[in-house]
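2 protein chains.
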Amino acid sequence: MQDLDKLCIHTVTTKPWSVEIAVENYARCGVSGITVWRDALANRDPATVGRSIRDAGLQVVSLCRGGFFPSVDANARARALEDNLCAIDEAAALGAPLIVLVCGADPGQPLADSRAQIAEGILAAAGRAREAGVKLAIEPLHPMYADAKSAVNTMQSANDMCDQIDLPNVGVAVDVYHIWWDPNAIGEIARCGAAERIFAFHVCDWRVPTRDFLLDRALMGEGCIDIPHFRNAVEQAGFTGFNEVEIFSTHYWSTDQSSYLQKIIQAYKEHV
Amino acid sequence: MQDLDKLCIHTVTTKPWSVEIAVENYARCGVSGITVWRDALANRDPATVGRSIRDAGLQVVSLCRGGFFPSVDANARARALEDNLCAIDEAAALGAPLIVLVCGADPGQPLADSRAQIAEGILAAAGRAREAGVKLAIEPLHPMYADAKSAVNTMQSANDMCDQIDLPNVGVAVDVYHIWWDPNAIGEIARCGAAERIFAFHVCDWRVPTRDFLLDRALMGEGCIDIPHFRNAVEQAGFTGFNEVEIFSTHYWSTDQSSYLQKIIQAYKEHV
Numbered sequence: 006m007q008d009l010d011k012l013c014i015h016t017v018t019t020k021p022w023s024v025e026i027a028v029e030n031y032a033r034c035g036v037s038g039i040t041v042w043r044d045a046l047a048n049r050d051p052a053t054v055g056r057s058i059r060d061a062g063l064q065v066v067s068l069c070r071g072g073f074f075p076s077v078d079a080n081a082r083a084r085a086l087e088d089n090l091c092a093i094d095e096a097a098a099l100g101a102p103l104i105v106l107v108c109g110a111d112p113g114q115p116l117a118d119s120r121a122q123i124a125e126g127i128l129a130a131a132g133r134a135r136e137a138g139v140k141l142a143i144e145p146l147h148p149m150y151a152d153a154k155s156a157v158n159t160m161q162s163a164n165d166m167c168d169q170i171d172l173p174n175v176g177v178a179v180d181v182y183h184i185w186w187d188p189n190a191i192g193e194i195a196r197c198g199a200a201e202r203i204f205a206f207h208v209c210d211w212r213v214p215t216r217d218f219l220l221d222r223a224l225m226g227e228g229c230i231d232i233p234h235f236r237n238a239v240e241q242a243g244f245t246g247f248n249e250v251e252i253f254s255t256h257y258w259s260t261d262q263s264s265y266l267q268k269i270i271q272a273y274k275e276h277v
Numbered sequence: 006m007q008d009l010d011k012l013c014i015h016t017v018t019t020k021p022w023s024v025e026i027a028v029e030n031y032a033r034c035g036v037s038g039i040t041v042w043r044d045a046l047a048n049r050d051p052a053t054v055g056r057s058i059r060d061a062g063l064q065v066v067s068l069c070r071g072g073f074f075p076s077v078d079a080n081a082r083a084r085a086l087e088d089n090l091c092a093i094d095e096a097a098a099l100g101a102p103l104i105v106l107v108c109g110a111d112p113g114q115p116l117a118d119s120r121a122q123i124a125e126g127i128l129a130a131a132g133r134a135r136e137a138g139v140k141l142a143i144e145p146l147h148p149m150y151a152d153a154k155s156a157v158n159t160m161q162s163a164n165d166m167c168d169q170i171d172l173p174n175v176g177v178a179v180d181v182y183h184i185w186w187d188p189n190a191i192g193e194i195a196r197c198g199a200a201e202r203i204f205a206f207h208v209c210d211w212r213v214p215t216r217d218f219l220l221d222r223a224l225m226g227e228g229c230i231d232i233p234h235f236r237n238a239v240e241q242a243g244f245t246g247f248n249e250v251e252i253f254s255t256h257y258w259s260t261d262q263s264s265y266l267q268k269i270i271q272a273y274k275e276h277v
């Protein structure tokens, strides 16, 4: 059982709510932080949204998401870089200190090529991010997303890429959903922490059986992930930031979001 | 382009066919080997099936599948071991020199416990297998199956477990579907080959997007896996066995199986 000082929720978790309604409800229920998805900023001024979040007593933890750098098409890669530069400007206006990167992959080329283009894209964006005071977090994605969402699929790969890029504002977002299965994950979390590169920690659970590749994440405690084991590992590795609840779930999105928020808070207290 | 000397097909690939019909059609089309799934042996004498396969000019490559060792329940583990001993007897009667192991996992316990129970189960079965002249191949399964199908999810884990078990009749089945995303896979294939532990090589393709966790495998060339890259790696590592086509596909199972077999052969010639 624990208090809510480190509880952050991603806007996508309560997707049926606008960012304004989410902020109001999160604040009222004692949630401490919010990670804003870019779709939640559509037709809004990020600076205004950022002020309203802080006025409600919440902290802006990060902006989700940048990335999707690779493509066999050089023009598409250039457009992806432009979009990441826009995201950096949005993060700065919002007051988000971090952008989470879903790095991307193009199934039309070898994964090694996608990985090289990811490193290239991050390097090309990192200067603007530094000037804006924004960090970039590589989020290793579960290997079931290696075809089209991310060619970075393990903590080891994320650490290797950070070593290669070697910039203090480029680190890793650790999400239990993506790495729980990996026998090397705990060791690589320690490696990541030793390099002071754990920039974020995301939680949810793996439903058994999982019925959809993307939209069937479970509430903490409903699945088979030992979340405290990973929370302990990131904290042992020096991480002191938020525990961010990021759940994509057609099931939960179809339910009453206020009751769902109560369930999230209860699950957080019991299973994180 | 290549001949069919090393083409083996799993009975499950053409699941609508009985093993008798599969043997007849595979042989007529020049397929060289067959891997028999245990469900195809239901209500049949394995020795008789084995003879009919050899009489048709096909080689029995392996029996699929043993494994599923872990459980939080000790009685269930004992039953699983019994079932594996039965599978060994079936393989011996069939004349299959190899059993492929889908090792299992119990989401109700830590993966480390499941892994320990897998090693324990294999060790307990290996003596009977040796006496029967049957090898056992650990098949690392894609991490999306870590919840309930296998706690061994990378070539590295499979190699580590073989090191731990350290018996000459326990090795690895390399399946491109499970390992294609892994940046360590090629190095671990070399490690596996150096230990003379590559016992099987399975091919199919990863559909983009994949629509089902289990039953949406693609025909070689339809997806994003560079199959020749992996075939080259196992052959460089000393493997001289069959290339086994193992496809679970509700789509292909719903089509005419004779036409499908022609497509498999064409895809094998062009993309393996």
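Residue numbers (the working numbering), protein chains in the order written: chain A, 6 to 277; chain B, 6 to 277.
In this text, a Cβ means the ideal position worked out from N, Cα and C, and glycines have one as well.
>> Classify Asn164/A: buried if its beta carbon has 16 or more other beta carbons within 10 angstroms, exposed otherwise.
In response: buried
> For the putative contact between Val36/B and Leu68/B, defined by C-beta atoms under 8 Å, what is the C-beta separation to the nearest angstrom?
Replying inline: At roughly 17 Å, the Cβ-Cβ gap does not stay under 8 Å, so Val36/B and Leu68/B are not in contact.
> Listing by chain order, which chain A residues have their CB less than 8 Å from the CB of Ala238/B?
Replying inline: Chain A residues near Ala238/B: none, gap ~13 Å exceeds 8 Å.
> Among Pro145/B, His207/B, Arg84/B, Glu201/B, which has the Cα closest to the Cα of Val107/B?
Replying inline: Pro145/B
> Cβ of Gly228/B less than 9 Å from any chain A Cβ?
Replying inline: yes
> Where does Arg236/B land, buried or exposed, given buried means 16+ other C-beta within 10 angstroms?
Replying inline: buried
>> My output table needs one value for Met6/B: the three-state DSSP class, helix, strand or coil.
In response: Per-residue confidence for Met6/B stands at a pLDDT of 49, beneath the threshold of 50, marking its modelled position as unreliable; the derived number appears in the next sentence. The answer is coil: DSSP assigns Met6/B none of H, G, I, E or B.
>> Contact criterion: CB-CB distance below 9 Å. Does Met6/B meet it with respect to chain A?
In response: Residue confidence is low: Met6/B scores 49 on pLDDT, short of 50, so the model does not pin down where it sits. Its coordinate-derived value is still stated next. Not closer than 9 Å to any Cβ of chain A, the Cβ of Met6/B fails to qualify, so no.
> Hey, would you say Gly192/B sits closer than 9 Å to Ala130/B, going by beta carbons?
Replying inline: no
> How about Met160/A: is its C-beta nearer than 9 Å to some C-beta of chain B?
Replying inline: no
> DSSP three-state call for Cys197/B: helix, strand or coil?
Replying inline: helix
>> Just to confirm my understanding: we take Thr159/B, look at its own chain, exclude 5 residues before and 5 after, and list those with CB closer than 8 Å. What are they?
In response: Pro145, Pro148, Ile184, Asp187, Asn189, Ala190, Glu193
> Does the segment 169 to 185 of chain B come close enough to the segment 225 to 245 of chain B to have 3 or more Cβ pairs within less than 8 Å?
Replying inline: yes
> Taking a cut of 8 Å between CB atoms, which residues from the segment 122 to 150 of chain B lie near chain A?
Replying inline: His147, Pro148, Met149
> Between the Cα of Leu141/A and the Cα atoms of Trp258/A, Val66/A, Ala151/A, Ala110/A, which residue gives the shortest distance?
Replying inline: Val66/A
> If you measure from the beta carbon of Gly198/A to each beta carbon in chain B, is any gap under 9 Å?
Replying inline: no
> Taking all protein chains shown into account, do 16 or more other C-beta atoms lie within 10 angstroms of the C-beta of Asn48/B, making it buried, or fewer, making it exposed?
Replying inline: exposed
> Which bits of chain A does Val213/B rub up against, with CB to CB less than 8 Å?
Replying inline: Pro112, Asp152, Ala153
>> Is there a Cβ of chain A sitting closer than 9 Å to that of Gln116/B, yes or no?
In response: The sequence given here places Leu at residue 116/B; Gln does not occur at that position. Closer than 9 Å to some Cβ of chain A, the Cβ of Leu116/B qualifies, so yes.
> Got a sec: is the Cβ-Cβ distance from Asp60/B to anything in chain A below 9 Å?
Replying inline: no
> Apart from the five residues on each side of it in sequence, which residues of its chain come closer than 7 Å, Cβ to Cβ, to Tyr31/A?
Replying inline: Ile14, Ile39, Leu63
> With 16 as the cutoff for other CB atoms within 10 Å, does Arg84/B come out buried or exposed?
Replying inline: exposed
> For Pro188/A, which residues in chain B fall below 7 Å Cβ to Cβ?
Replying inline: Ser162
> Hey, out of Gly100/B, His276/B, Ala272/B, Gln267/B, whose CA is closest to Asp34/B's CA?
Replying inline: Per the sequence presented here, residue 34/B reads as Cys, with Asp not at that position. Out of Gly100/B, His276/B, Ala272/B, Gln267/B, Gln267/B has the C-alpha closest to the C-alpha of Cys34/B.
> Whose CA, out of Trp258/B, Asp10/B, Arg212/B, lies closest to the CA of Asp152/A?
Replying inline: Arg212/B
> Which bits of chain B does Asp231/A rub up against, with CB to CB less than 8 Å?
Replying inline: Pro115
>> What does DSSP give as the partner residue(s) for Gln64/B in the beta ladder?
In response: Gly38/B
> Quick one: does Arg120/A have its CB under 9 Å from some CB of chain B?
Replying inline: yes
>> Once the 5 residues before and after Lys20/B are set aside, which same chain residues still bring their CB inside 7 Å of it?
In response: Trp258
>> Please state the DSSP three-state secondary structure of Val181/B.
In response: helix
> Could you give the C-beta distance for Ala156/A and Leu116/A, rounded to a whole number, given that I count them as a contact under 8 Å?
Replying inline: 5 Å
> Which stretch, first to last residue, makes up the beta strand (DSSP E) that contains Phe244/B?
Replying inline: No beta strand (DSSP E) contains Phe244/B, which DSSP labels as neither H nor E.
> What residues are listed by DSSP as bridge partners for Ile104/B?
Replying inline: Leu68/B, Leu141/B
> Phe206/A versus chain B: which residues are under 7 Å apart at the beta carbon?
Replying inline: Within chain B, no residue comes near Phe206/A; the closest Cβ sits about 20 Å away, beyond 7 Å.
>> I'd like the list of long-range same chain contacts for Cys167/B, defined as Cβ closer than 8 Å, with 5 residues on each side in sequence excluded.
In response: Ile143, Val175, Gly176, Val177, Cys197, Ala200, Arg202
> To which residues of the same chain is Ile270/A closer than 8 Å at the C-beta, ignoring the five residues directly before and after it?
Replying inline: Leu9, Leu12, Cys34, Gly35, Val36
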